[in-house]
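Quick note, the sequence shown lines up with residues 452 to 518 if you use this note's numbering.
Glycine is no exception: its CB is placed at the ideal position from the N, C-alpha and C atoms.
Each remark here refers to the structure printed beneath this line.
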Amino acid sequence: MTDKLARLWATKTRDDEWWSSFVTSPLAIAANYGAVSVPWITPNRVTAASFLVAVVATIVIIIGGPG
């Protein structure tokens, strides 16, 4: 196991529920593995991107989307 992967895996808490332990934590670790090396990906930019995705999803829900 690489040092970067070991540090990411150490952020996973042992007291998580089953969904977090088996689904969301491994997915988050996989996503973060590539993101931690990119200097222009900052927490504020991740937050802004998630906000934009939420706004677009809201608009699609209001409009009705395809179908």
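For residue j and residue i, the rounded distance between their alpha carbons
i              : j                 : result
threonine 453  : threonine 498     : 28 Å
serine 476     : valine 511        : 28 Å
alanine 461    : isoleucine 514    : 43 Å
isoleucine 492 : phenylalanine 473 : 26 Å
isoleucine 480 : alanine 508       : 25 Å
glutamate 468  : valine 489        : 30 Å
aspartate 466  : valine 487        : 24 Å
threonine 464  : tryptophan 470    : 13 Å
Proximity below 8 Å, CB of residue i to CB of residue j
i           : j            : result
alanine 503 : tyrosine 484 : The sequence given here has leucine at residue 503, not alanine. Not closer than 8 Å, so no.
Residue i, buried or exposed, once every other Cβ within 10 Å from all chains shown has been counted against 16
i           : result
leucine 459 : buried
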